[in-house]
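**Q**
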Amino acid sequence: MTAPRWLKTAGFYVLVAIIFLQAVFPFYYAILTSLEDGQALFDVNYLPAVFDLSNYRSMLADGVFGKQILNSVFVATVTVAISLFLAITASFALARIRFRGRGLLLLTILSVSMFPQIAVLSGLFELVRAFGLFNSLWSLVFSYMIFTLPFTVWVLTTFMRALPVEIEEAAIMDGASSFTIIRRVFLPLLWPAMVTTGLLAFIQAWNEFLFALTFLSTDSQRTVPVAIALISGRSEFEVPWGNIMAASVIVTLPLVALVLIFQRRIVSGLTAGAVKG
Amino acid sequence: MSLTSDAAATGALTPTKPKASRLSRERIRSAWLFLAPMLIVLAAVALYPLYRTIYFSFTDASLDLLGEARWVGFRNYLEYLDYGNGQGEYFGLLVDARWWRSVWNTVWFAVVSVALETVFGLIIALVLFRKFPGRVWVQAAVLIPWAIPTIVSARMWAWMMHDQFGILNDMLERVGLIDTPIAWTASPETAMIAVIIVDVWKTTPFMALLILAGLQMVPQDIYEAAKLDGVPPFRLFRKVTLPLIMPAVLVAVVFRALDALRVFDIIYVMTPNTDSTRSMSVFARENLFDFDQFAYGSAASTLLFFIIALMTISFIYLTRMNLEGDER
Numbered sequence: 001m002t003a004p005r006w007l008k009t010a011g012f013y014v015l016v017a018i019i020f021l022q023a024v025f026p027f028y029y030a031i032l033t034s035l036e037d038g039q040a041l042f043d044v045n046y047l048p049a050v051f052d053l054s055n056y057r058s059m060l061a062d063g064v065f066g067k068q069i070l071n072s073v074f075v076a077t078v079t080v081a082i083s084l085f086l087a088i089t090a091s092f093a094l095a096r097i098r099f100r101g102r103g104l105l106l107l108t109i110l111s112v113s114m115f116p117q118i119a120v121l122s123g124l125f126e127l128v129r130a131f132g133l134f135n136s137l138w139s140l141v142f143s144y145m146i147f148t149l150p151f152t153v154w155v156l157t158t159f160m161r162a163l164p165v166e167i168e169e170a171a172i173m174d175g176a177s178s179f180t181i182i183r184r185v186f187l188p189l190l191w192p193a194m195v196t197t198g199l200l201a202f203i204q205a206w207n208e209f210l211f212a213l214t215f216l217s218t219d220s221q222r223t224v225p226v227a228i229a230l231i232s233g234r235s236e237f238e239v240p241w242g243n244i245m246a247a248s249v250i251v252t253l254p255l256v257a258l259v260l261i262f263q264r265r266i267v268s269g270l271t272a273g274a275v276k277g
Numbered sequence: 001m002s003l004t005s006d007a008a009a010t011g012a013l014t015p016t017k018p019k020a021s022r023l024s025r026e027r028i029r030s031a032w033l034f035l036a037p038m039l040i041v042l043a044a045v046a047l048y049p050l051y052r053t054i055y056f057s058f059t060d061a062s063l064d065l066l067g068e069a070r071w072v073g074f075r076n077y078l079e080y081l082d083y084g085n086g087q088g089e090y091f092g093l094l095v096d097a098r099w100w101r102s103v104w105n106t107v108w109f110a111v112v113s114v115a116l117e118t119v120f121g122l123i124i125a126l127v128l129f130r131k132f133p134g135r136v137w138v139q140a141a142v143l144i145p146w147a148i149p150t151i152v153s154a155r156m157w158a159w160m161m162h163d164q165f166g167i168l169n170d171m172l173e174r175v176g177l178i179d180t181p182i183a184w185t186a187s188p189e190t191a192m193i194a195v196i197i198v199d200v201w202k203t204t205p206f207m208a209l210l211i212l213a214g215l216q217m218v219p220q221d222i223y224e225a226a227k228l229d230g231v232p233p234f235r236l237f238r239k240v241t242l243p244l245i246m247p248a249v250l251v252a253v254v255f256r257a258l259d260a261l262r263v264f265d266i267i268y269v270m271t272p273n274t275d276s277t278r279s280m281s282v283f284a285r286e287n288l289f290d291f292d293q294f295a296y297g298s299a300a301s302t303l304l305f306f307i308i309a310l311m312t313i314s315f316i317y318l319t320r321m322n323l324e325g326d327e328r
């Protein structure tokens, strides 16, 4: 039963290697495929055999894809800016002021974040059309609030609760109004939390599919997830896999870079958002 | 888990009682002022649309004639059509075999994928919890699947699972596990397996991180004591570690389960129009926008909402979540 020590260590490192490989391999293979063209695509390679940028060139030369990237950048940035702005005052109230109904309110916000998106789709579709926002990027900025807002409020509330009371007391004694306290005391302390929350909300908005698929109808208005989902060939045998992989790498590489740079913050932000309580 | 600061805040302010109460009244008023914009936006994007979805499910609304929707009662859910000759038939969502198939698919998908994610997440968390050279790199690598957009992972895996040129079949053939290529996404027997593989690959990192956070909260002196007493590692894990991280694991499981029940993207992109993988969300969207059955699709959305709401409520009740963050 008791295996020798070196065997245990070896087993552990094999496990580590498996975990590493399974996580990295599919993305590595997407990059590999994106650099192949023509016939090379249909030979299975495990190591880079060719280095051909023509898939990237054909994706980027086609002006629509560039426009679609800008659409995604616009939607995600504006969504995050508005959510953070609304969430900062709201989370101050939820974290720092005791009032009746606070628990119920937090519960409501939590349950909104658990809404199935499909449950609001018909109602949102009606609203979007009534406001004349159909096929406009603003329809996405508006509808994405349903998941970015509860998330940012929830995480910022958790972060704000963790700050010590003394700083706030001193400001109250000096007669500062609540708004001044938020602006002068909490905002400077909350920068790191806001960067984390903003980044996570950005990723969610960047990746959203269902609303973008439903509320936008023309190619030049689409965001990148929908664009990638809709790339198809004339028949099952003509699917341009090289182009699809090139587009996938283009929209994913920045995200992977951001996640790796902000790794620590993201882990703490995710856990603050989920394991509260 | 130090969320108890504001209890101390009010305690500190009580000595000057009359002033404090005026102050706190002002603060409460400003609290609602601060909350108002956020609450108004949430009501506009969540509550009102939800109410409209439920309303549409009781009408005969169609995509182009939303404004002229007429109330039809429960007809979208269940209706008995009398043929007048003593015979009749039931219609509606509650007797729709395609709907029940999608309910079954969704539940099956959720149970299998969340179970696998929990096991793999636990293994990865335990590995990352140990200190070893290069751990930072492995942790970074583990985050990559999570960072990749769902649509992109669906496309990437669809390519890897290609029946003729896919690398997955190539690997399995080389190892000798299969001798003819599998049509992963195209054949009904494997379509669900394919979807589950992608979902497990993509979301296990999330599970692993949450469990890792739970592990890091376990006081380390327990392990030193156990080491001195010579408790075997597996027993230590079963008797000490597992019970201590159980709350974190449970929260992660519930979050993932609620997420899995509304699955849409992966299935819509990888295996469109297959009875064997159609989920409740896919069913609802097909009816809403592809089949011109807006009211019927709304009814399906409404049912899905109530299923998830029921689960959420029972989860909050069962775990007795402490929402106030104090009085503990």
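So the protein sequences, as listed, match chains A and B.
If you use UniProt numbering, the first sequence corresponds to residues 1 to 277, in order.
If you use UniProt numbering, the second sequence corresponds to residues 1 to 328, in order.
Quick reminder that beta carbons are idealized off the backbone N, C-alpha and C, glycines included.
Output, in chain order, the set of chain B residues within a Cβ distance shorter than 7 Å of Phe-93 of chain A.
**A** Residue mapping note: residue 93 of chain A aligns to position 93 of the first sequence, counting from 1. First, the residue type needs correcting, since residue 93 of chain A is Ala and not Phe in the sequence shown. Correct list: Ala-31, Phe-34, Leu-35.
**Q** Starting from Pro-225 of chain A, find everything on chain B with Cβ-Cβ shorter than 7 Å and list it in chain order.
**A** Translated into positions along the first sequence, residue 225 of chain A becomes position 225. Correct list: Pro-149, Ile-151.
**Q** Under 8 Å, do Ala-299 of chain B and Leu-260 of chain A count as touching if we go by C-beta distance?
**A** For this step, residue 299 of chain B is matched to residue 299 along the second sequence. For this step, residue 260 of chain A is matched to residue 260 along the first sequence. No. Outside cutoff.
**Q** How long is the line joining the alpha carbons of Thr-274 of chain B and Ile-167 of chain A, rounded to whole angstroms?
**A** As a first step, residue 274 of chain B is located in the second sequence; it is residue number 274 there, counting from the start. As a first step, residue 167 of chain A is located in the first sequence; it is residue number 167 there, counting from the start. Distance between the alpha carbons of Thr-274 of chain B and Ile-167 of chain A is about 59 Å.
**Q** Could you have a look at Glu-26 of chain B and say whether DSSP puts it in helix, strand or coil?
**A** Locating residue 26 of chain B in the second sequence gives position 26, where the first residue counts as 1. Three-state DSSP puts Glu-26 of chain B in a helix.
**Q** Measuring straight from C-alpha to C-alpha, what distance separates Ala-309 of chain B and Pro-133 of chain B?
**A** Translated into positions along the second sequence, residue 309 of chain B becomes position 309. Translated into positions along the second sequence, residue 133 of chain B becomes position 133. One C-alpha to the other measures close to 45 Å.
**Q** By the criterion of Cβ-Cβ separation under 7 Å, what are the contact partners of Phe-42 of chain A in chain B?
**A** Here residue 42 of chain A is taken as the residue at index 42 of the first sequence, counted from 1. Here the neighbours are Phe-165.
**Q** Starting from Phe-91 of chain B, follow the alpha helix (DSSP H) in both directions and report where the run begins and ends.
**A** Counting from 1 along the second sequence, the entry for residue 91 of chain B is found at position 91. Looking at the DSSP string, Phe-91 of chain B is not in any alpha helix (DSSP H); the run it does join, the beta strand (DSSP E), is 88-91.
**Q** For Phe-131 of chain A, count the other beta carbons within 10 Å of its own beta carbon; 16 or more makes it buried, fewer makes it exposed. Which is it?
**A** Here the question's residue 131 of chain A lines up with position 131 in the first sequence. Exposed: under 16 other Cβ atoms inside 10 Å.
**Q** With C-beta atoms as the reference, is Leu-210 of chain B less than 8 Å away from Ala-252 of chain B?
**A** Mapped onto the second sequence, residue 210 of chain B falls at position 210. Mapped onto the second sequence, residue 252 of chain B falls at position 252. Yes, they are a contact pair.
**Q** Assign Leu-65 of chain B to one of three DSSP states: helix, strand, or coil.
**A** The residue given as residue 65 of chain B occupies position 65 in the second sequence. Residue state, collapsed to three classes: coil.
**Q** Can you tell me which residues form a DSSP beta bridge with Trp-206 of chain A?
**A** Taking the first sequence and counting its residues from 1, the one referred to as residue 206 of chain A is at position 206. In the DSSP output, where bridge partners are listed per residue, Trp-206 of chain A has none listed.
**Q** Span of the beta strand (DSSP E) holding Leu-81 of chain B?
**A** Within the second sequence, residue 81 of chain B is the residue found at index 81, counting from 1. Leu-81 of chain B -> beta strand (DSSP E) spans 79-82.
**Q** Listing by chain order, which chain A residues have their CB less than 7 Å from the CB of Pro-49 of chain B?
**A** For the purposes of this step, residue 49 of chain B is identified with residue 49 of the second sequence, where counting begins at 1. Going along chain A in sequence order, the residues near Pro-49 of chain B (Cβ under 7 Å) are Val-120, Gly-123, Leu-124, Leu-127.
**Q** DSSP on Thr-59 of chain B, reduced to helix/strand/coil?
**A** Position 59 of the second sequence holds residue 59 of chain B. Reduced to three states, the DSSP call for Thr-59 of chain B is strand.
**Q** Check each candidate in A:Leu-213, A:Pro-225, A:Thr-218, A:Leu-133 and name the one with the smallest Cα separation from Trp-206 of chain A.
**A** Along the first sequence, one-based indexing puts residue 206 of chain A at 206. Per the Cα distances, A:Pro-225.
**Q** Checking contacts by CB at 8 Å: is Ser-314 of chain B closer than that to chain A?
**A** Counting from 1 along the second sequence, the entry for residue 314 of chain B is found at position 314. Chain A, which has no Cβ nearer than 8 Å to the Cβ of Ser-314 of chain B, makes this no.
**Q** Taking only beta-carbon positions, decide if Phe-262 of chain A is within less than 8 Å of chain B.
**A** The residue labelled residue 262 of chain A in the question sits at position 262 within the first sequence. By this cut-off, Phe-262 of chain A is not an interface position.
**Q** Please compile the residues from chain B whose C-beta is within a distance smaller than 8 Å of the C-beta of Asn-71 of chain A.
**A** Position 71 of the first sequence holds residue 71 of chain A. Under the 8 Å cutoff, chain B gives no residues; its nearest Cβ is about 14 Å from Asn-71 of chain A.
**Q** Taking the CB atoms as reference points, tell me whether Ala-95 of chain A and Thr-33 of chain A lie closer together than 8 Å.
**A** Position 95 of the first sequence holds residue 95 of chain A. Position 33 of the first sequence holds residue 33 of chain A. No, they are not a contact pair.
**Q** List, from N- to C-terminal side, the alpha helix (DSSP H) runs of 4 residues or more that fit wholly inside the region 7-76 of chain A.
**A** Counting whole runs of 4 or more residues, the region 7-76 of chain A contains the alpha helix (DSSP H) stretches 54-61.
**Q** Could you name the residues of the same chain whose beta carbon sits closer than 7 Å to that of residue 407 of chain B, not counting the 5 residues immediately before and after it, in chain order?
**A** There is simply no residue 407 of chain B to check, as chain B begins at 1 and stops at 328 in what is shown.
**Q** With a threshold of 7 Å on Cβ separation, who are the neighbours of Phe-147 of chain A within its own chain once the five nearest residues in sequence on each side are excluded?
**A** Within the first sequence, residue 147 of chain A is the residue found at index 147, counting from 1. Contacts found: Ser-113, Gln-204.
**Q** Can you check DSSP and say which residues form a bridge with Trp-71 of chain B?
**A** By one-based count along the second sequence, residue 71 of chain B stands at place 71. Per DSSP, B:Thr-59.
**Q** Output yes or no for whether 8 Å exceeds the beta carbon distance between Leu-212 of chain B and Ala-147 of chain B.
**A** On the second sequence, position 212 is the one that residue 212 of chain B refers to. On the second sequence, position 147 is the one that residue 147 of chain B refers to. Contact: no.
**Q** Return the chain-ordered list of same chain residues with a C-beta closer than 7 Å to the C-beta of Phe-129 of chain B, the five sequence neighbours on each side being excluded.
**A** Here residue 129 of chain B corresponds to residue number 129 of the second sequence, with the count starting at 1. Excluding residues within five positions, the ones whose Cβ falls inside 7 Å are Leu-212, Leu-215.
**Q** Using a C-beta cutoff of 8 Å, does Ser-54 of chain A count as contacting chain B?
**A** Position 54 of the first sequence, counted from the first residue, corresponds to residue 54 of chain A. So no, Ser-54 of chain A is outside the interface.
**Q** Given that Pro-145 of chain B touches chain A, what residues does it touch there, using C-beta distances under 7 Å?
**A** Looking up residue 145 of chain B in the second sequence gives position 145. Within 7 Å Cβ-Cβ: Ala-23.
**Q** Report the neighbours of Leu-216 of chain A on chain B: residues whose CB is nearer than 8 Å to its CB, in chain order.
**A** Looking up residue 216 of chain A in the first sequence gives position 216. In chain order: nothing, as chain B lies at least about 13 Å away.
**Q** Measure from the alpha carbon of Ala-171 of chain A to the alpha carbon of each residue in A:Val-78, A:Met-160, A:Arg-183, A:Val-73, then state which is nearest.
**A** The residue you call residue 171 of chain A lines up with position 171 of the first sequence. The shortest Cα separation from Ala-171 of chain A among A:Val-78, A:Met-160, A:Arg-183, A:Val-73 belongs to A:Arg-183.
**Q** Mind checking whether the beta-carbon of Ile-28 of chain B lies closer than 7 Å to any heavy atom of the ligand HEM?
**A** Looking at this structure, you won't find the ligand HEM or any other ligand, since it has none at all.
**Q** Hey, Ala-119 of chain A and Leu-304 of chain B are a contact pair by Cβ (cut 8 Å); roughly how many whole angstroms apart?
**A** In the first sequence, residue 119 of chain A corresponds to position 119, counting from 1. In the second sequence, residue 304 of chain B corresponds to position 304, counting from 1. 6 Å between Cβ atoms; contact.
**Q** With three or more beta-carbon pairs closer than 8 Å as the criterion, would you say the region 34-43 of chain A touches the region 237-250 of chain A?
**A** A contact exists between the region 34-43 of chain A and the region 237-250 of chain A.
**Q** Going by other Cβ atoms of all chains shown within 10 Å of its Cβ, with 16 needed for buried, is Pro-145 of chain B buried or exposed?
**A** Numbered from 1 along the second sequence, position 145 holds the residue referred to as residue 145 of chain B. Buried: at least 16 other Cβ atoms inside 10 Å.
**Q** Compute the Euclidean distance between the alpha carbons of Gly-63 of chain A and Met-145 of chain A, then round it to the nearest angstrom.
**A** Here residue 63 of chain A is taken as the residue at index 63 of the first sequence, counted from 1. Here residue 145 of chain A is taken as the residue at index 145 of the first sequence, counted from 1. Cα to Cα, the separation comes out at about 29 Å.
**Q** Does any C-beta atom of chain B lie closer than 8 Å to the C-beta of Ile-97 of chain A?
**A** As a working note, residue 97 of chain A is residue 97 in the first sequence. Yes - at least one Cβ of chain B is within 8 Å of the one on Ile-97 of chain A.
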